[in-house]
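Its first residue numbered 50, the sequence shown is counted upward by one per residue in the working numbering.
What follows is one structure encoded as structure tokens, with my remarks underneath.
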Amino acid sequence: MSYDNACKYLAEQYPTEFVNWLLSVESANVEILKTELTLEPIRADSVSFLQTANQILHIEFQTLPYSDQPIPFRMLDYSVRLKRQYQCAVVQVVIFLQETTHEVAFTDDYRDDTTVHHYRVVRLWEQDPAVFLSHPALLPLATLTQTDSPQTLLTQVAERVATISNRQERQNISGCVQILAGLRFEKRDIRHLFREEIMRGSVIYQDILQQGLQQGLQQGLQQGRQEGQQEGRREGRQEGRREGRREGQVAVIVRQLTRQLGDINPILQEQIRRLSTLALEELGEALLDFSVTTDLIAWLDQQQRREGEIALIIRQLTRRFGEVDLSLIERVRELSVEQLEALGEALLDFTEVNDLVVWFEQRDE
50 MSYDNACKYL AEQYPTEFVN WLLSVESANV EILKTELTLE PIRADSVSFL
100 QTANQILHIE FQTLPYSDQP IPFRMLDYSV RLKRQYQCAV VQVVIFLQET
150 THEVAFTDDY RDDTTVHHYR VVRLWEQDPA VFLSHPALLP LATLTQTDSP
200 QTLLTQVAER VATISNRQER QNISGCVQIL AGLRFEKRDI RHLFREEIMR
250 GSVIYQDILQ QGLQQGLQQG LQQGRQEGQQ EGRREGRQEG RREGRREGQV
300 AVIVRQLTRQ LGDINPILQE QIRRLSTLAL EELGEALLDF SVTTDLIAWL
350 DQQQRREGEI ALIIRQLTRR FGEVDLSLIE RVRELSVEQL EALGEALLDF
400 TEVNDLVVWF EQRDE
């Protein structure tokens with residue numbers, strides 16, 4: 050998700066500022082640790098390790114309160130790995146970006162019968178924006194801090210961004226602001242204060258596009274090999290006809306987008322080609338409301354986030370209950386982002402796969 054890219058970019062592009070903010074110490078010598086900490090890294094929304102003279106700052110950014118591996122246990126695991134590898138003190142901070150009442154966002158330790166492990170939790174929606182408004186590196190996070198007037202806060206952030214003298218830095222910070230502000234603000238409000246060309250000029254924007262293209266190519270090659278091994282001639286002909294219809298659908302959508310928005314970046318076109326048939330139908334309806342290219346980018350980003358949450362929920366269901374009926378999987382795939390988030394929280398209390406059936410029945414009432 051692009052939120053991951055933006056947060057990781059900020060922490061590793063401005064490590065000194067993050068150390069000063071989270072550790073309340075002035076440290077000019079901060080090293081970014083590029084480590085996976087063993088052969089089996091644990092997936093988090095965005096993880097950064099910053100090393101000062103005598104300790105490591107482990108930062109995790111979270112948009113959602115649930116994950117494959119529970120956050121408290123993951124923090125314990127990372128702490129042990131870091132101490133074993135680097136032999137120094139470790140300070141861990143989990144930063145929740147989007148407001149939630151989930152208990153995980155209010156939990157700052159791991160406990161079992163023999164172990165207690167503490168870490169810090171920062172809930173951005175409770176933080177004083179003044180600290181964030183005073184440092185360019187923290188401006189993107191300022192959009193998610195405590196305020197009685199969100200629009201005023203967003204305007205203040207835009208005004209601070211405009212004062213950054215270095216053009217490339219201004220573009221990069223502006224790009225991150227627009228991405229993270231999307232967690233709280235409507236895109237029309239963001240567009241009103243930030244010009245699209247500034248977003249397009251940022252390195253984080255380009256990185257998002259490039260990563261999307263690379264992931265799409267890798268997934269396409271892998272899927273192609275698997276289908277080539279499994280499909281016979283009859284299935285191949287059927288697939289060819291379906292693919293032909295799908296390519297025609299893609300071509301129509303790209304033409305419509307070009308008429309409305311101008312030339313479409315080849316990387317964006319590749320992302321569109323990777324969409325499922327259902328997603329293409331949804332895009333065909335959504336594009337009628339697009340007025341600038343950032344509308345398309347935001348829609349594709351939302352779709353990528355949705356696909357990621359679908360994959361996460363399916364993994365959790367399979368891991369806990371074994372093979373799940375395909376009809377239930379298809380119903381999961383039809384859910385919106387908001388419904389997937391609700392299911393992700395409800396899933397924590399499921400004890401059998403029938404609980405999922407009941408959840409769908411209650412949702413449909």
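Ideal placement from N, C-alpha and C gives every residue a C-beta, glycine not left out.
In the three-state scheme derived from DSSP, where H, G and I count as helix and E and B as strand, Glu-109 is classed as strand. Ser-128 and Gln-141 have their C-alpha atoms roughly 8 Å apart. Excluding residues up to 5 positions away in sequence, Ala-55, Tyr-58, Leu-59, Pro-189, Ile-253 lie with their Cβ nearer than 7 Å to the Cβ of Cys-225 in the same chain. Spanning the alpha carbons of Tyr-52 and Asp-344 requires a straight line of approximately 16 Å. Using a 10 angstroms sphere on the CB of Asn-103, the tally of other CB atoms stays under 16, which defines it as exposed. Per DSSP, the unbroken alpha helix (DSSP H) holding Arg-216 starts and ends at 216–230. Two segments are said to touch when three or more pairs of C-beta atoms, one from each, lie closer than 8 Å; by this definition the stretch 377–397 does not touch the stretch 332–350. Arg-216 and Leu-361 have their C-alpha atoms roughly 39 Å apart.
His-241 and Tyr-168 have their C-alpha atoms spaced approximately 39 Å apart.
Taking C-beta atoms as the reference points, Leu-72 and Thr-112 fail to come closer than 8 Å.
Going by DSSP, Ser-97 is part of no alpha helix (DSSP H) but of the beta strand (DSSP E) stretching over 95–100.
Shown here for Ile-363: same chain residues with a beta carbon closer than 7 Å to its own, the five before and five after excluded, namely Ile-378, Val-381 in chain order. According to DSSP, residue pairing for Val-139 in a beta bridge involves Ile-105.
Secondary-structure assignment with DSSP links Ile-81 through a beta bridge to Leu-99. Remark: C-beta atoms of Leu-131 and His-107 approach each other more closely than 8 Å.
The shortest C-alpha to C-alpha distance from Glu-296 to any of Arg-308, Glu-319, Asp-312 is the one to Glu-319. When secondary structure is reduced to three states using DSSP, Asp-53 falls in the helix class. With a minimum length of 4 residues, the unbroken runs of alpha helix (DSSP H) contained wholly in the stretch 179–211 fall at 188–191, 199–211. With contacts defined as CB atoms closer than 8 Å, Glu-394 and Tyr-115 qualify as a contacting pair. Pairing Thr-196 with Phe-370, the inter-Cα distance amounts to about 43 Å.
Under a 10 Å Cβ-count criterion, Thr-150 is classified as exposed, with fewer than 16 other Cβ atoms of the shown protein chains found around its own Cβ.
For the pair Val-301 and Gln-351, the CB atoms are not nearer than the 8 Å cut-off. Under the criterion of beta carbons closer than 8 Å, Leu-173 and Ile-144 qualify as touching, at roughly 7 Å. Note on Arg-368: under 16 other CB atoms within 10 angstroms of its CB, so exposed under the neighbour-count rule.
The DSSP-derived three-state label of Val-402 is coil. The alpha-carbon of Gln-388 is positioned some 24 Å away from that of Gln-227.
Asp-158 has its alpha-carbon roughly 26 Å from the corresponding atom of Glu-61. Taking C-beta atoms as the reference points, Leu-336 and Gln-309 count as a pair closer than 8 Å.
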